[in-house]
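Student:
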Amino acid sequence: MISNRIDAASNGVFQNITTIQDSNAPKETKELINKYNLLTDSLMNTFTDIDNKLKIFVGQSNDMSNQMNPLAEASNIINNLSYIYQFKKEIQLDKTKFEIYRRMCQIFHNQFNLNNINIVEITNNETAEKVYQLGDLDFCTKIILRDPQECRVSRNTNNVSSVDFQNACPCFESNDYLYVCIDIEVGQNSKIIFNFILKDMDEMNNFKKNQLFIESYIKEVAPEIEVKRLLQALENSALKDGLTGLYNRRFLDEHLKKLIPRAKREDLSIAFLMLDMDHFKAVNDEYGHDIGDKVLITFANTVQENIRESDIAVRFGGEEFLVLLIGVQSEDDAIKIANKIREKVAENEIDVYAGSTLRKTTSIGISMYPKDSTSVVKVMKFADLALYEAKTSGRNQVKRYMESPSDNLELF
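Numbering (the numbering used here), first residue to last: 1 to 412.
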């Protein structure tokens, strides 16, 4: 009997031994049983108290059905708190938001057997971006990306679940799966939406069992995501032009250190397009710098819209811009792209005041790396020479660099 009770106690189940009523039982046996019962009572009370306090600490409700094994319950809570603490330390070392989201989803998959998660960031309730996906299932983010106001959990203070109301959220376009959506605020104007997709009630019950710890991981993520966003904004302010949002000269210098070795390895051609707004000074003189800034912003947007994501647009200085067409197939293709930009710029109508509009044109010079030179400095100078020719020969045109005996002259 004592052996069975000791085995049970080792598993966290503390049961007293019934006092022997046999008057002929040895006194030592009775005393041992009484001492054992006192010990088990004390251990049961102690571990139950520890278990209850741990549950209060982590915000978990007291489920009487689990009181038979408070030791295992306490051990589970301590293990999860330890994992969360380790997670917090690790994400502080991650460089990007993507690394943090990936690490968290790996933990959700490995520790809680969650297989389908979509993560969306919403800013100012106006713009949404899907930042990570685990698994293949996604039944709602395309609607949220189109209109963030459609996301039910972003409008509520509580989580949204399909347990009580299968169609609680109109964004979720499936009746074959269950879901739980949790949101958390990041900074003053942003939220992160975590959409967990579950295939049946077994997975839902497993989620509910671990929901406290899942939410604890999410709470740890929020401040680190905010830090990463602030650092990214700071980096962008150092590498991007504050007016147009294009890259600046500092970024160009750093990027070329990586781009040129890559171009050599992969045998890439790069077209350098030097662009300059025609008669831009007249805009500032006649309309003021506010309209001048508006012209530059419109121009920068037009340039960005007519090149590929892999190309680079830089505000080189003032009204002068540089575009790198990376991996362009031929100089004819580069000229076509340059002319497309020139034509689109000329089509822009910019409101100035009282219904009046303004149109501007641009001149563009082109040189090719490595065809014209393997020196980036020379290629940029050649593009500048071609731009000078475009401006002096009438403006609003594209000129391809052509070698000339006067190329060694310092024009500016």
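C-beta: ideal position from N, C-alpha, C; glycine also.
This one's a predicted model, so the numbers in the text were calculated from it and none came from an experiment.
Determine the burial state of residue 195: buried for a count of at least 16 other Cβ atoms within 10 Å of its Cβ, exposed for fewer.
Tutor: buried
Student: Using DSSP with H/G/I as helix, E/B as strand and the rest coil, what is residue 94?
Tutor: coil
Student: Does DSSP classify residue 307 as helix, strand or coil?
Tutor: coil
Student: Helix, strand or coil: how does DSSP classify residue 29 here?
Tutor: helix
Student: Can you list the alpha helix (DSSP H) stretches of 4 or more residues lying completely in the segment 117-168, in chain order?
Tutor: 141-146, 152-155
Student: Apart from the five residues on each side of it in sequence, which residues of its chain come closer than 7 Å, Cβ to Cβ, to residue 298?
Tutor: Around residue 298: 348, 350.
Student: If the criterion is Cβ atoms closer than 8 Å, does the pair residue 177 and residue 198 meet it?
Tutor: Residue 177 places its beta carbon less than 8 Å from that of residue 198.
Student: Please classify residue 354: does DSSP put it in a helix, a strand, or coil?
Tutor: Note: residue 354 maps to coil in three-state DSSP.
Student: Please report the Cβ distance between residue 278 and residue 396, rounded to the nearest whole angstrom; I am assuming they are in contact, meaning their Cβ atoms lie under 8 Å.
Tutor: 6 Å
Student: Is there contact here, the segment 304-322 with the segment 366-374, by at least three beta-carbon pairs under 8 Å?
Tutor: no
Student: Quick one: Cα of residue 404 to Cα of residue 386, how far?
Tutor: 11 Å
Student: If we count the other Cβ atoms within 10 Å of its Cβ and call it buried at 16 or more, is residue 257 buried or exposed?
Tutor: exposed
Student: Check residue 190 in the structure and name its three-state DSSP category.
Tutor: strand
Student: The beta strand (DSSP E) spanning residue 399 covers which residue range?
Tutor: Element bounds for residue 399: 398-400.
Student: Expressed to the nearest angstrom, what Euclidean distance is found between the alpha-carbon atoms of residue 333 and residue 314?
Tutor: Taking the straight line joining both Cα atoms gives about 20 Å.
Student: Look at the Cβ atom of residue 192, then the Cβ atom of residue 376, and state whether they are nearer than 8 Å.
Tutor: no
Student: Please state if the CB of residue 112 and the CB of residue 214 are separated by a distance shorter than 8 Å.
Tutor: yes
Student: Is it buried or exposed for residue 224, if we count other Cβ within 10 angstroms and need 16 for buried?
Tutor: buried
Student: Quick one: what does DSSP say residue 245 is sitting in, helix, strand or coil?
Tutor: When secondary structure is reduced to three states using DSSP, residue 245 falls in the coil class, being assigned neither helix nor strand.
Student: Report the three-state DSSP secondary structure of residue 209 (helix, strand or coil).
Tutor: helix
Student: How big is the Cα-Cα spacing for residue 64 and residue 85?
Tutor: Unreliable placement is indicated for residue 64, whose pLDDT of 45 sits below 50; no coordinate value is reported for it.
Student: Quick check: what's the CA-CA separation for residue 249 versus residue 293?
Tutor: 19 Å
Student: With three or more C-beta pairs closer than 8 Å as the rule, is the segment 130-139 touching the segment 100-112?
Tutor: Yes: the two stretches touch, three or more of their Cβ pairs being nearer than 8 Å.
Student: By the three-class DSSP mapping on this structure, what secondary structure does residue 176 have?
Tutor: Residue 176: coil per DSSP, three-state reduction.
Student: Alpha carbons only, please: which of 228, 327, 321, 365 is nearest the one belonging to residue 339?
Tutor: 365
Student: Using a 10 Å radius around the Cβ and a threshold of 16 neighbouring Cβ atoms, would you call residue 154 buried or exposed?
Tutor: buried
Student: Could you pull the DSSP bridge partners for residue 317 from this structure?
Tutor: 320
Student: Would you report the Cα separation of residue 341 and residue 96, rounded to the nearest angstrom?
Tutor: Residue 341 and residue 96 have their C-alpha atoms spaced approximately 34 Å apart.
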